[in-house]
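Below is one structure, written out as structure tokens; the observations come after it.
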Amino acid sequence: MKENRAEILDKKYPQVKIRNRYSKQREEGKVQKGLKRLKKILVACLISAFLFLLTRPQVVLGSSLTALSDTMSRLKVSTASNHTIKYTTPSGVAAGQTMTVTFPSGFTIGSVDYTDIDVSWGPSTGAENELTLAATPSGSTWGAAFSGQVLTITSGTGTITAASKVIIEIGTNATYQTTGDQQITNPSSADTYTITIGGTFGDSGKIAVATLSNDQFTVTASVDPTITFSLSANSTAFGTLSSTSVTTSSPNITLTISTNAGNGYTITVKDSGNGTNPGLYNSDASFLIGSADYSYNNTADLSSVAGYGIQCSSASATCASPYNVSGTNVGG
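The sequence shown begins at 174 in my numbering and counts up by one.
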């Protein structure tokens, strides 16, 4: 029977077989050591990765601001303007956090500081809680300062509740602590610009504003004048006249007038007289009592002379001086 070559070698050269077995064991040992080293490396990598996750800075993802707007008092290029910026913050602001407003290049901040800024917040209108501002934060006082194009509003110990409305006023419209006297100047080019809201409080958003070559227009109109006029009575009577006393007619006549004329109105009272001279005339007797006296003066005191005239009084109109009298004095 033919023997296997390996068995023949083993029988003739037993030392070779031993070496082969030893060599095989040595190779297996190397493999085992390699696996152990690989396990150690994998464990070390897992520990390092875990420590990295524990020690790396934790990033808080904020939310998008809602209801963003910026109402500007002027949109004309190169013109100073107030800004009223509004938004709702889903996350709110914690103590020590910041809110930033970044104006794009082209807007000139100038000398605007915290005295030209108001910040308020609240659940309904955003105006419920006014913040006390200074150049830097301290306790409940918030810091408000520009650095370049960026306005940073920094909390000391104050907070803003989540889901609150925030209002930031910049310019002469800021009146809470002191009235602002500085404004931001618009860019010199008519275009659309983006204002960015951000900060360490985590929420963010953008507002688009536009500048125009001219933001105002002229309205002209003409209004026709109107006037209404009425008399409370169309006749008044003296009754029987006396040569020894002053008689006043009855009833008094009230003149009611209304007009939209810019210069108001003028009322003139005229008596017919005898057609030649003014006064109270009786055609049957052909007798004339002169206005305001027989010499036809503008005024008279009827307690001492015979005459006829009128008196005027008004709570809203101006009576001319000859008639703005009382007692026995009259204007003719």
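By construction, the Cβ of each residue, glycine as well, lies at the ideal position given by its N, Cα and C atoms.
Under the three-state DSSP convention, the category residue i falls into
i: Thr358; result: strand
i: Tyr496; result: coil
i: Thr288; result: helix
i: Asp444; result: coil
i: Ile282; result: coil
i: Val478; result: coil
i: Leu404; result: strand
i: Gly353; result: coil
i: Glu301; result: coil
i: Tyr454; result: strand
i: Asp243; result: strand
Separation of residue j from residue i, as counted between CA atoms
i: Tyr467; j: Asp397; result: 44 Å
i: Ser386; j: Asn436; result: 38 Å
i: Thr491; j: Ile440; result: 10 Å
i: Gln484; j: Gly504; result: 6 Å
i: Gly329; j: Lys338; result: 20 Å
i: Asp474; j: Phe390; result: 60 Å
i: Ala335; j: Thr271; result: 14 Å
i: Val498; j: Ala458; result: 30 Å
i: Gly482; j: Gly452; result: 8 Å
i: Ser489; j: Tyr469; result: 29 Å
i: Tyr454; j: Thr417; result: 19 Å
i: Thr393; j: Thr472; result: 47 Å
i: Ala308; j: Thr345; result: 18 Å
i: Leu324; j: Asp364; result: 22 Å
i: Gln350; j: Val292; result: 11 Å
i: Ser236; j: Thr369; result: 14 Å
i: Asp444; j: Ala434; result: 27 Å
i: Ser494; j: Ser476; result: 19 Å
i: Ser297; j: Ser395; result: 43 Å
i: Ser464; j: Gly448; result: 13 Å
i: Ala268; j: Phe319; result: 20 Å
i: Thr429; j: Ile400; result: 11 Å
i: Thr348; j: Ile282; result: 19 Å
i: Phe460; j: Gly446; result: 10 Å
i: Val442; j: Asn450; result: 15 Å
Nearest residue (CA-CA) to residue i, options the options
i: Thr239; options: Thr327, Ile290, Lys379; result: Lys379
i: Tyr366; options: Cys492, Asp243, Val266, Gly505; result: Asp243
i: Ser408; options: Leu414, Ser423, Thr401; result: Ser423
i: Ser313; options: Thr298, Leu324, Thr332; result: Thr332
i: Gly371; options: Phe276, Ser486, Ala465, Gly353; result: Phe276
i: Ser403; options: Thr432, Thr420, Ala253; result: Thr432
i: Ile462; options: Ala479, Ser456, Thr472; result: Ala479
i: Ser254; options: Leu304, Ser297, Gly353; result: Gly353
i: Met245; options: Ile343, Ile430, Ser456, Ser477; result: Ile343
i: Asn425; options: Ser486, Tyr438, Phe460, Leu304; result: Ser486
Neighbourhood of residue i by C-beta, 6 Å cutoff - its chain only, sequence neighbours within 5 removed
i: Ala317; result: Tyr287, Ile290, Leu306, Ile326
i: Thr427; result: Ser405
i: Asn502; result: Asp474
i: Thr420; result: Phe411, Leu414
i: Thr261; result: Thr239, Ala240, Lys338
i: Leu226; result: Unreliable placement is indicated for Leu226, whose pLDDT of 49 sits below 50; the coordinate value is still reported in the next sentence. Correct list: empty, nothing qualifies.
Nonlocal neighbours in the same chain, by C-beta distance under 8 Å from residue i, ignoring five residues either side
i: Phe280; result: Gln322, Ile357, Thr358, Asn359, Pro360, Tyr366
Presumed contact (8 Å Cβ cut-off) between residue i and residue j, rounded CB distance
i: Phe374; j: Val266; result: 4 Å
i: Asn302; j: Trp294; result: 5 Å
i: Asp376; j: Ser264; result: 5 Å
i: Ala300; j: Ile340; result: 6 Å
i: Ala383; j: Leu248; result: 6 Å
i: Gln355; j: Ser284; result: 5 Å
Cβ of residue i within 8 Å of any chain B Cβ
i: Ser423; result: Although the question refers to chain B, the structure presented lacks it and comprises just one protein chain.
Spatial neighbours of residue i in its chain, beta-carbon cut-off 7 Å, leaving aside the 5 residues before and after
i: Tyr438; result: Ile400, Ile430, Thr432
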